[in-house]
Amino acid sequence: MTNPFDPATQATGDNNVAPVVQARLTEIKIRLPDDFNGDRKKTRTFYLATQLYMMANKHIYDTDEKKITFFISFLKEGTAGPWAEAEMTKAFTNDQGFGTWEAFTT
């Protein structure tokens, strides 16, 4: 088997196709949101912190699923942990996913 990216094995002529190089996307380094425990007094602060992070890194968090996954990853303690676990279980059951970001946050 020949290596299609080895110039020595490539044919000459108009049929040559340059290899595709995929750029690695990196996140802009700003402070990550703190973990959220479900304290209603801190809900808005947590929500805004996650929104800010995803806005700064919109080239990474460019789908509803990525946004929801990022958000849920900070729900670990208190009442937020069991709630997040239930949401993940629902999403993984029958591979239905999390739905839209708009529906998730309303």
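Heads up, the numbering used here is the position in the sequence shown plus 294, with the first residue counted as 1. We put the CB at the ideal spot given by N, CA and C, even for glycine.
| query | result |
| --- | --- |
| Contacting residues, own chain, Cβ-Cβ under 7 angstroms from TYR355 (five flanking each side not counted) | MET348, LYS361 and PHE364 |
| Unbroken alpha helix (DSSP H) run spanning GLU321, endpoints | Unbroken run through GLU321: none, as it is neither H nor E. |
| Straight-line Cα distance separating GLY375 from ARG318 | 32 angstroms |
| Own chain partners of ASP333 with C-beta closer than 8 angstroms, once the 5 adjacent residues on each side are dropped | GLY372 |
| Same chain, Cβ closer than 6 angstroms to ARG338, neighbours up to 5 away in sequence not counted | none |
| Closest residue to THR284 among HIS353, VAL314 and TYR341 (Cα-Cα distance) | Residue 284 falls outside the range modelled here, since the chain spans only 295 to 400, and no answer is possible. |
| Unbroken alpha helix (DSSP H) run spanning GLY375, endpoints | 374-386 |
| Per-residue DSSP class, three states only, for LEU326 | coil |
| Exposure of TRP386, with buried meaning 16 or more beta-carbon neighbours within 10 Å | The sequence shown places Phe at residue 386, rather than the Trp named in the question. Per the 10 Å Cβ criterion, exposed. |
| Burial state of ALA380, where buried means 16 or more other Cβ atoms lie within 10 Å | exposed |
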